[in-house]
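Notes follow once the structure below has been shown.
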Amino acid sequence: MGDSNSFMQALKENNKEIMSQINKVDLHNHASYSCRLDYLVNNNINIENEKVSNIESLIQFSRKYITPVKQTEQGLYLLLYGNFMNCINTGVSFVSTDIDYKDCIRTFDSDVSKFIDFLSQFKYDKLKIEWIIEISRDSYKEEYKDIIMEMINSGFFAGIDLVSTENSIPNSMFVDFYKEANKLDLKTKVHAGEQLGADYVRECILDFNPKEIQHGISIIEDESIMNIAKERNIVFNVCPTSNLVLGYVDSIEKHPIKKMYEYGLKVTIATDDLLYFNSDINDEYLKLYSNKVLDAKELDNIRENGIYYCERS
Ligand SMILES: [Zn+2]
1 MGDSNSFMQA LKENNKEIMS QINKVDLHNH ASYSCRLDYL VNNNINIENE
51 KVSNIESLIQ FSRKYITPVK QTEQGLYLLL YGNFMNCINT GVSFVSTDID
101 YKDCIRTFDS DVSKFIDFLS QFKYDKLKIE WIIEISRDSY KEEYKDIIME
151 MINSGFFAGI DLVSTENSIP NSMFVDFYKE ANKLDLKTKV HAGEQLGADY
201 VRECILDFNP KEIQHGISII EDESIMNIAK ERNIVFNVCP TSNLVLGYVD
251 SIEKHPIKKM YEYGLKVTIA TDDLLYFNSD INDEYLKLYS NKVLDAKELD
301 NIRENGIYYC ERS
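Going by the working numbering, the residue at position 249 of the sequence shown is 249; the numbering climbs one at a time, nothing skipped.
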């Protein structure tokens with residue numbers, strides 16, 4: 001209860017310092033894109049001031065500046081370390097973070113045990129890290145199937161998550177991964193309902209039987225699909241600033257998280273890619289509060305529910 005009172009007070013006072021001391025989770029975080037931009041610049045990564053304002057500019061930024069950094073072990077370390085330091089500094093005690101399986105191919109010569117050894121070195125008293133295998137629809141090829149399956153069955157990764165352009169490749173290409181991961185009771189996540197409408201969210205629910213949906217904001221278009229999500233206890237990890245910057249919502253004031261929460265869907269508030277959106281977990285809560293999307297009690301309830309979802313797992 002102490003945490004709740006302090007959290008609500010800090011929201012009302014716009015006090016990030018106090019918020020940073022209060023326990024939170026971040027369940028939608030991409031490992032290599034979640035450090036701060038100035039941290040990279042301070043570490044001599046040359047980044048010109050390019051603005052990310054839609055999905056195309058995000059991909060361009062990522063390819064130009066981040067992919068080359070990720071290609072060495074030291075570079076990947078720098079990106080991940082920056083992410084986790086930021087989690088700790090903002091009061092995130094549990095992060096569920098997506099790591100691209102292609103990093104294993106590119107940087108560790110497809111050696112899954114070397115990759116796992118590398119990731120295992122990130123251990124902190126104040127932060128629990130859950131690693132999720134990120135599978136990009138856009139770059140997927142059949143030849144990667146074996147290594148992804150090896151990772152799913154390694155016992156190290158907590159789950160899988162399908163990302164990037166929704167429906168660019170039919171869901172049928174990825175169904176086997178979800179079958180396997182669900183069989184092992186891993187966290188099955190899918191990015192859906194960010195770019196496409198509620199029908200695609202339904203398709204993903206029926207095709208993959210996921211435990212969590214990343215974004216999922218277009219689900220509010222269709223109550224019947226919200227009912228399916230409710231019945232299946234699906235958790236939606238929602239990132240308001242990401243949606244705004246990439247143009248999937250018109251404003252924070254009108255963000256669908258309000259309707260999702262009020263309808264009784266399980267939602268959490270998360271950051272997506274701090275590097276591109278420059279909005280940490282406390283900023284996300286503060287924006288929803290100051291734009292009167294949700295009140296302090298509701299935001300605290302979402303914060304506490306997130307902790308509960310993680311403790312349960
Ligand atoms: Zn995402």
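Cβ atoms here follow ideal geometry from the backbone N, Cα and C, with glycine treated the same way. Note that this is a predicted model, so its numbers are computed, not measured.
Check each candidate in Q74, E50 and E73 and name the one with the smallest Cα separation from R63. E50
Alpha carbon to alpha carbon, how far is R137 from C204? Give it in angstroms, no decimals. 13 Å
Would DSSP call L162 helix, strand or coil? strand
How would you call V41, buried or exposed, if buried means at least 16 neighbouring beta carbons within 10 angstroms? exposed
Rounded C-beta distance between K252 and L265? I'm assuming under 8 Å. At residue 252 the sequence reads Ile, which differs from the Lys that was named. That belief does not hold up - the Cβ atoms of I252 and L265 are roughly 19 Å apart, past 8 Å.
Take V249 and list the residues in its own chain whose beta-carbon comes closer than 6 Å to its own, dropping the five residues that flank it on each side. N243 and H255
N-terminal and C-terminal residue of the beta strand (DSSP E) that K287 is part of: Not the beta strand (DSSP E): K287 falls in the alpha helix (DSSP H), residues I281 to S290.
Work out the CA separation of E298 and K230 for me, nearest whole Å. 18 Å
Does the beta-carbon of S57, which I'm using as the reference point, lie nearer than 8 Å to any heavy atom of ligand 1? no
Looking only at its own chain, which residues have a Cβ that is under 7 Å from the Cβ of I116, when we skip the five neighbours before and after it? S154 and F156
Could you spell out the range, first to last residue, of the beta strand (DSSP E) harbouring S57? Careful: S57 lies outside any beta strand (DSSP E), inside the alpha helix (DSSP H) at I55 to F61.
Classification of D100 by the beta-carbon crowding that lies within 10 angstroms, buried from 16 upward: buried
Can you tell me where the beta strand (DSSP E) holding V52 begins and where it ends? Counting along the chain, V52 falls outside any beta strand (DSSP E), and DSSP gives it neither H nor E.
Let me confirm a value: Q214 is counted as buried when at least 16 other C-beta atoms fall within 10 Å, else exposed. Which label applies? buried
Might you give, ordered along the chain, the residues of its own chain that have their beta carbon closer than 7 Å to the beta carbon of G193, omitting 5 neighbours on each side? Y200, V201, I213, H215, G216, I217, S218 and I219
Okay, do the segment 270-285 and the segment 85-100 touch, 3+ Cβ pairs below 8 Å being the bar? yes
Residue range of the alpha helix (DSSP H) that T67 falls in? T67 to K70
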